[in-house]
Amino acid sequence: MSSSVLFVWRHNNDFDSTLPVVHRMATCGAVDRVVVYVASAELLWADDFRIDVLRDLPNVEIFDVWSLVGGRLGAAMRALCHRSKMSRGPLRKLLPKLVARVVAASRWRDRLAEKLAALAPALVAFDWVDPSKTSDRKGPWGIAEIAAWARDHRRPTVALLHGLSLADFPAQPSVLSTTFTHLYTESEHHRAALIAKGYDPANLIVTGAPRFDPAWVALLDRVLAARGLTHGRKAGV
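If you're matching positions, the sequence shown starts at 1372 in the working numbering and goes up one per residue.
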């Protein structure tokens, strides 16, 4: 029986921190298929040079909220978001409202349910997100639905770190400590601090910061070289 893992991306920091995990999972032979769902219109993943590391991997699929909207409207909205960069120009205040209206008027929930049923992932990987606090009014879309599917189908869920922790640690365990099968963090220091606040040690796993792994940095260097880019500029400029 084939196995698959579903990763859920919300924002740019999730993309930055978990893309190396997605790549490793897709190339290590641990699972047959790796699928990524982009739940937010603000994450312009297709335009990012780093996505090149996944383009030629036959066992990787990426779909986004516009795939769930579907049809010409979904494709047009995806193109509009990418062209406007979601935060520039005269549409910067109107576009998020338009995005929310278009998504709300579509059958995105039904299509997501169909996708989950077909994919039936053995594991779902989120970032450190509270699914109960996601909002349909502005996105991201589908976090709560995917978490509920995993719970109802008894699939393990993990929360991957989406950056280095520079903020104060919580005063007590949050809903995250009971929502996910395991929480991944970047350091023994952070793990010890969370345990001191009452988090279950068995649920906390230290991974370091995958985006700073030397092998990952070297891979991105090769992607930059292939694109002829150096420090954000075209070579020779």
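Backbone N, C-alpha and C define an ideal beta-carbon position, used for all residues, glycine too.
Own chain residues within Cβ distance below 8 Å of residue i, not counting five before or after
i: GLY1510; result: ALA1410, SER1411, ALA1412, GLU1413, VAL1436, VAL1470, ALA1471, VAL1474
i: VAL1312; result: Residue numbering for the chain in the displayed model covers 1372 to 1608; residue 1312 lies beyond these limits and cannot be assessed.
i: LEU1532; result: SER1388, ASP1498, TRP1499, TYR1555, THR1556, GLU1557, THR1578, ALA1580
i: LEU1415; result: CYS1452, HIS1453, LYS1456, MET1457
Residue of the options minimising C-alpha distance to residue i
i: VAL1379; options: SER1455, LYS1456, PRO1467, ILE1517; result: ILE1517
i: LEU1483; options: ASP1498, TRP1512, LEU1444, LEU1466; result: TRP1512
i: VAL1588; options: ALA1496, ARG1421, SER1548, VAL1406; result: ARG1421
i: ALA1447; options: GLU1432, LEU1466, ASP1419, LEU1547; result: LEU1466
i: MET1457; options: ASP1507, SER1438, ASN1383, ALA1397; result: ASN1383
i: ALA1567; options: GLN1543, LEU1590, HIS1524; result: GLN1543
i: TRP1479; options: VAL1495, LEU1451, LEU1444, ARG1454; result: LEU1444
i: ALA1573; options: GLY1400, VAL1529, LEU1590; result: VAL1529
i: VAL1495; options: HIS1561, ASP1592, VAL1402, ARG1526; result: ARG1526
Coarse secondary structure for residue i, derived from DSSP in three states
i: ASP1435; result: strand
i: ASP1341; result: A query on residue 1341 cannot be resolved here, the shown segment of the chain reaching from 1372 to 1608 and no further.
i: ASN1383; result: helix
i: GLY1603; result: At GLY1603, the pLDDT of 48 sits below 50, so the modelled position is not reliable and the matter cannot be decided from this model.
i: VAL1424; result: helix
i: ASP1418; result: helix
i: ARG1395; result: helix
i: VAL1500; result: coil
i: LEU1465; result: coil
i: SER1506; result: coil
i: VAL1608; result: At VAL1608, the pLDDT of 33 sits below 50, so the modelled position is not reliable and the matter cannot be decided from this model.
Contacting residues, own chain, Cβ-Cβ under 6 Å from residue i (five flanking each side not counted)
i: ILE1576; result: HIS1553, TYR1555
i: PRO1502; result: ILE1514, ALA1515, ALA1518
i: LEU1425; result: VAL1431
i: LEU1428; result: ALA1397
Cβ-based neighbour list, residue i, same chain, cut-off 7 Å, excluding 5 preceding and 5 following
i: ASP1584; result: PRO1391
Inside the segment 1522-1585 only - beta strand (DSSP E) runs reaching at least 3 residues = Counting only runs of 3 or more, we get 1528-1531, 1553-1556, 1575-1577.
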